[in-house]
Structure formats: structure tokens, C-alpha cells
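Note that the protein sequences, when read in sequence, are chains A and B.
Counting with this note's numbering, you get residues 1423 to 1778 for the letters of the first sequence.
Counting with this note's numbering, you get residues 1423 to 1778 for the letters of the second sequence.
Glycine residues also receive a C-beta, built at the ideal position from the N, C-alpha and C atoms.
Protein chains: 2
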Amino acid sequence: MSNWESNIRKVIPYTPGEQPDAKDMIKLNTNENPYPPSPKVTALLKSLDSDELRLYPDPKVQVLVDALAKRYEVKPSQVFVGVGSDDVLAMCYLTFFNSGKPILFPDITYSFYDVWANLYNIPFKDLPLDENLCIVKEDYYQDNGGVIFPNPNAPTGVETSLADIEDIVAHNPDVICIVDEAYIDFGCESAIPLIEKYDNLIVVQTFSKSRSMAGSRIGFAIGNERLIKYLNDVKYSFNSYTIDRVSMKLGAAAVEDEAYFQETNKKIIATRERTKERLEALGFEMPDSKSNFLFISHPKINAKKLLAALRERNIYVRYFDKPRIDNMLRVTIGTDEQMDCFLAFIKEYMEKENIC
Amino acid sequence: MSNWESNIRKVIPYTPGEQPDAKDMIKLNTNENPYPPSPKVTALLKSLDSDELRLYPDPKVQVLVDALAKRYEVKPSQVFVGVGSDDVLAMCYLTFFNSGKPILFPDITYSFYDVWANLYNIPFKDLPLDENLCIVKEDYYQDNGGVIFPNPNAPTGVETSLADIEDIVAHNPDVICIVDEAYIDFGCESAIPLIEKYDNLIVVQTFSKSRSMAGSRIGFAIGNERLIKYLNDVKYSFNSYTIDRVSMKLGAAAVEDEAYFQETNKKIIATRERTKERLEALGFEMPDSKSNFLFISHPKINAKKLLAALRERNIYVRYFDKPRIDNMLRVTIGTDEQMDCFLAFIKEYMEKENIC
């Protein structure tokens, strides 16, 4: 072994959600949107001039920042854009969590939170959700180096009320609180209005779910101007030009089509409620979801076995081999047709296995 | 001031090279390629289906990794891809420079090297170039935590011979040596063949210069499989999906068009030599450049004054307010027509100022 080996940062390898590319698959495993991006995005893509690719993109990402500022009724100086919300969140960790005290997040939550903490040597405590998979707000009143949680939570889909979020933020004036709203557009109330009242709050969203643009890698943060400036300072010192020319323009076009955005979100919510009802009729249990997925279990079904059976039929869902949730499956909401196929298979499986 | 202020990472703000958007400007300030990307890139862009943007990109970036592996005659497992070479280099710092000992780089070099060191709390020593702006290889034989330098160097354009590079790499078996070949395709010899012999060498290149795709944000590293695996582990733990679907495909199309790549590089080299000759005839001095820029000074001209005069005519070049190089201008090589305009203005300026 060479001596340089000892100076390598060794991380716990993270396995990203599978991206299968089979024909006729039903892909319900990474919470992508079943509907294409806005027709305005399609039209713009066709009209792009490849000549401009020779030039660096605007490091300020102004066209997209302006579109987001207008949509969310904040100043452009209150918007930070990154390469997906993973990039935005990692930049937040690097920028805001430097106290040496443990940061706090739920025990069942987005799987990157502890990964980034380990990557940047930030201590952390994961706080157990209660038996209904809800955040216990009082747990977050202890001394800490920062707070982060998704709303709705992932992979549970459970909402934390805006009143509870405000309590958590108000109890932590000396650290930055990040609300990760990756799934906010499927029925939850955003904490963005609270940023006027609390200077320690930052809200992060993504284009990967409700805006049907996981393939374009766009995430953003909204907060007060000072926090956004600090984030941009770190970003510029890391890589000044992150969002490429194509994504920047397509992202702005997506934000400008509010009607399409509302329409697809409405469709997904309707499909979710319909799927939930049918699954419950089959004996499945799940928390009330405010996201574009359902987190399901069945008292008589082994989740891992069902996962494998679904896979054999080219239906992909997500399983987490983690304490407390190791008999649950996370099922992304697809189109009605896709969910009908999924439900039909589940019925068939239960009949075959004599489960009723 | 809130208490959270004290936990914020404060970085020395970095000012990216200006991206002016004036009409009829001659943009010779950020080393972009004056020629558009390959016609194959243009054709592919027109044919892309926006529907696929709803899906995450392939986290392995396989289509692009495979194209690069084929082009550079290495295994796909020896190629790492990032969001521009800045992203690749920053990932290299985070992954490889953890010994606590100072890393080494030239005093006059790419301005991000010390920025990343500061960002990640990595100690560093900058080693003076000699009076001809050449790297003194013996300086790099001292105990250190890693080595990084560009070849050719920026903003000087000066080449370090492959023999000298091999000496530096061979003298540093216990640390990782990074050769940053952002400008390699304009007349230098790449160190990529050395990676078979030295397991501590990693070579980084970019699509922003010779491949006319600064706007797509693609950089890559080539090294032995172990180094590439470590880089990918860190990348996956940070953000699994960084290269978006569009850039990935366009990048692969660019790599596959070797003829166009050779042709544009040849044109730029010819324009560089022609421009150099004419500038020298006007009394300008400059090191021999193996890049797509010239680093010029004139014993009778104040660089800052000339910079301002050029700017008034909508001609943008780059100035660095740093010791030893504060009377020099870095001039990107544009088309012959652009360089003729630049030269015509220089002549006019010298006449007006009575410099001969």
C-alpha cells in the first residue's frame, strides 16, 4: 500500500437510488414526476442555439434567480441556486454548520443528512420520530449546532405543521434552521413566509419533483439576504459556474408556467389519494402523505419479498434497510395507469400468497 | 448581530472573470473558444426529447465516461466526471489532501488553488516561478501534502516539459500529484500516459476551452482506478447526480468528433502564433504560450491603463492585480478577425499615446 492511501478521505459509500433503463418498466423508486416538464420547457429546448455553449454561463444565474424571486415574492438577493437541492444542502452544511456542536435531524429522514455531516466532520444527533412517525418539536429545543429536517418528511411523507416549524425556528435563534421542502408542492404549506420574521431560517426546494426536471439538476434556497450572500460567497470560492446555460434557461421557463405546475401537482395529489384508498382497502397501512409517494406496509406482507416480486415484473419501488422502517416500501406516485398496474400486481400477489 | 453569525464559514470572496453581455463586444477575457461546439453537438441538441428531463440523470455518467475512456485509451473506471474542472479539482482537494502537511503549487498560477485550500483548511505553500515564469522542479522535492500545478501554467501559458513533470511525480510517491491540463490541447504534451507508471498521478482536463463547451460545465479526471474510485465515493456522498442529462449527452457527442476538435485547435494555435508575432513587432513581450491565450506586457505601456482603454472599445481582456504580474494582460485567442480588431486598436492606442 502506498503511503498516500493514509491521506485519502474515506467516506461511507452511498448507493444512489437505482436508475434502471428497462423498456416497459414502471419506475416508482426515486420520486420522479410522471409528467414531462412544461411545454414551455420543450419549446425553449428546441429553440436553443448551441453556439452559446462556447461561453461560460452567467455565474449569478440571474435569469433563473429572477424567475424564482418573482414566483416566491422575494428579492433576487434572497435566492440561491445550486446543482439540485443536494448541492444546495451540502453548501448549507459547509457554510452554516461550523460551531462544533451537534446538528439535529430526525432518525428517519433523508439519507444524505448524516452523510454530509460525516463528510464535513460535523457532529450530529438523530432524534427519534414518535410512534406516528411525527417530529417531536420539543426535542429540537436542546443546545445544538443547527437544525435540518424535510417538510413533508422523507421517506415518510408526514407533514410537520407550520406552527410546529415556527416553534422550532423560534427556539433556535443562534443557529441556522434548514427546512428541506423537496416535496412541499404536493399539499404542504411552505415555510417561506416565515423568513421575513426569522433571520435564522433557510428554505430549500428542488426542480426534481414538482417541476418534472430531475434531469436538469436545479435546486434553490430562499432566506434573508445575509444568509444568501454567505452561501454565494462559499459557492463562488468553490466553483463559480455551476448551473449550465441550458438548465438555467429551461428552469426559468418552467417557473414561468405556473398553470402547468399547478395542474400536474393536482393530478399527482388526486392519484395519490386514489392509490392510498385502494391500498388501504387491501389492508395496507401508511401515514398520511403530503408528498408524491406513499410509505406503505402490510401486517401480513414481507416488504423485501414484495420488493423482489415487483421487480421481477419490472415495477421498481424503494426499500430502506434501516431500523424501524425495514418492513416498509416507498412507492412514488406515477400516472393513474401506472398505479393501476401496480395495484393489479399487488392484488395478484396477495391472491397468490393467500393474503387477505 | 445574531449569535449564528459566529458559526458561518467566512471565505475570501472570489470574483469570477466578468461575463459581459454587450453587443459587438470582443470577449478575450475568460479563455473561451471563439468557435462553436462541434456540429454533432448542435444536431444532438436539436434532437433531444424534453420528456426525459423528468428523470434523474445516470449517476455514473456512463455515456460520457465511455466516450472519454475510448478517446484517451483508458478504462472507463479510470475516468471521473464533474461539473467543470473546478468541481473536479475541488473534489480532488477534498479527497486527496488530508495529510495536514502543506500542499505545493506555483506562486503565479490558477487563482482557485489557494481558495480551495482555504475553504477546506488545507495548509499550502506557493513556490515562486523563476524569472522566466517557469516552474522550478526541485522546489517540489520537499516534504508536502500534495502537489498541484497547471500544464501549461495559467495565466502565463508556459509549458513544463513532460520530463520535468515526471521528475516531480516520481519525487512525490507518498502524495497525490494533480496536473491541471485545462489548456493542454493547444500544443502541450499530456501527462496521461504517465498514469500507467505512477499511481499517485491524476490528470484533470475540461470541456471549457478546447471543446468549446464552457456553457455546459464539464470537467474530468483520469488516473488509476483506485484514485478514481475514491473520487467517486466522495462525489456520491456529496451529490450523486451532478451532470445533467443534456450536458452528459452533448459532451459525449463533442468527444466523438475528433476531426472538428483537431481542426479548431489548429486554427487557434495558428491565430496565436500570428498574434504573437504582430504583438512582438509592436514591442510587446510575452512568454512562449502553449495555451489559447497570450500573457503580454510592454515596457512602455501601463497594463491597467490599456485595460481600461480596451474596455471602452468593448474589448475585454483579463488583468490580475497581483505581485510580479501587475503590469501584464492575459489576452484570449479569438478568431483572426477578432485579433485583427484587437491589434488595430493596440496600434491606434500606441500612436495616440506616442509609444513606439
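With the criterion set as a beta carbon lying under 7 Å from some beta carbon of chain B, the members of the region 1647 to 1668 of chain A are 1652, 1655, 1656, 1658, 1659, 1660, 1661, 1662, 1663, 1664, 1666, 1667 and 1668, in sequence order.
Contact between residue 1597 of chain A and residue 1569 of chain A holds, with the beta-carbon distance rounding to 7 Å and staying under 8 Å.
Its chain contains 1436 as the residues whose beta carbon lies nearer than 6 Å to that of residue 1537 of chain A, once the 5 sequence neighbours on both sides are disregarded; these appear in chain order. DSSP places residue 1763 of chain A in the helix class (H, G or I) of the three-state scheme. Interface residue (Cβ-Cβ distance to chain B less than 9 Å): residue 1446 of chain A is not classified as such. For residue 1579 of chain B, the number of other beta carbons within 10 angstroms of its own is at least 16, and it is reported as buried. Along the region 1727 to 1738 of chain B, none of the residues has a CB nearer than 7 Å to a CB of chain A.
Membership of residue 1645 of chain A in any alpha helix (DSSP H) is not indicated; the residue belongs instead to the beta strand (DSSP E) covering 1641 to 1645. For residue 1547 of chain A, the enclosing beta strand (DSSP E) stretches over residues 1546 to 1549. Contact between residue 1534 of chain A and residue 1509 of chain A is ruled out by a C-beta separation of about 11 Å, above the 8 Å threshold.
If you draw a straight line from the Cα of residue 1446 of chain B to the Cα of residue 1490 of chain A, it is about 30 Å long.
The DSSP-derived three-state label of residue 1583 of chain B is coil.
Here residue 1778 of chain A is exposed, its C-beta having fewer than 16 other C-beta atoms within 10 Å.
Contact annotation, residue 1477 of chain A with residue 1675 of chain B: C-beta distance approximately 18 Å; criterion of less than 8 Å not satisfied. For residue 1572 of chain B, the enclosing beta strand (DSSP E) begins and ends at 1569 to 1572. Residue pairing from DSSP places residue 1528 of chain B in a beta bridge opposite B:1549. Among the residues of chain B, those whose CB is under 8 Å from the CB of residue 1638 of chain A are 1475, 1666, 1667 and 1668, following chain order. Shown here for residue 1758 of chain A: same chain residues with a beta carbon closer than 8 Å to its own, the five before and five after excluded, namely 1693 and 1696 in chain order. Among the CB atoms of chain B, none fall inside 9 Å of the CB of residue 1749 of chain A. Note on residue 1428 of chain A: under 16 other CB atoms within 10 angstroms of its CB, so exposed under the neighbour-count rule. Beyond the five residues adjoining it in sequence on each side, residue 1666 of chain A comes within less than 6 Å, by CB distance, of 1479 in the same chain, given in chain order. Taking a 10 Å sphere around the C-beta of residue 1756 of chain B, we find 16 or more other C-beta atoms and assign the residue as buried. Distance from the CA of residue 1583 of chain B to the CA of residue 1657 of chain B, rounded to the nearest whole angstrom, comes to 32 Å. For residue 1617 of chain B, no beta strand (DSSP E) segment is defined, and its DSSP state is neither H nor E. For the alpha helix (DSSP H) assignment, the uninterrupted runs of no fewer than 4 residues enclosed by the region 1438 to 1501 of chain B are, from N- to C-terminal side, 1461 to 1469 and 1484 to 1494. The CB of residue 1506 of chain B comes closer than 8 Å to the CB of 1661, 1663 and 1664 in chain A, given here in chain order.
Annotation: residue 1430 of chain B is outside any beta strand (DSSP E) and is labelled neither H nor E by DSSP.
In the pairwise beta carbon analysis, the region 1719 to 1732 of chain A is classified as not touching the region 1675 to 1690 of chain A: fewer than three pairs are separated by under 8 Å. Chain-ordered listing is empty here: chain B has no CB closer than 7 Å to the CB of residue 1740 of chain A, the nearest sitting near 13 Å.
If you draw a straight line from the Cα of residue 1627 of chain A to the Cα of residue 1581 of chain A, it is about 15 Å long. Residue 1659 of chain B sits close to residue 1433 of chain A, with the two beta carbons spaced by under 9 Å. For residue 1746 of chain A, the number of other beta carbons within 10 angstroms of its own is below 16, and it is reported as exposed.
Annotation for residue 1691 of chain A: 1608 and 1609 place their beta carbon closer than 8 Å to its own, counting only its chain and skipping 5 residues before and after. Residue 1521 of chain A has a beta carbon lying within less than 9 Å of a beta carbon in chain B. Residues of chain A with a Cβ closer than 7 Å to the Cβ of residue 1431 of chain B are, in chain order, 1516, 1517, 1520 and 1656. If the five residues before and after residue 1594 of chain B are omitted, its C-beta is found closer than 6 Å to the C-beta atoms of 1569, all from its own chain and listed in chain order.
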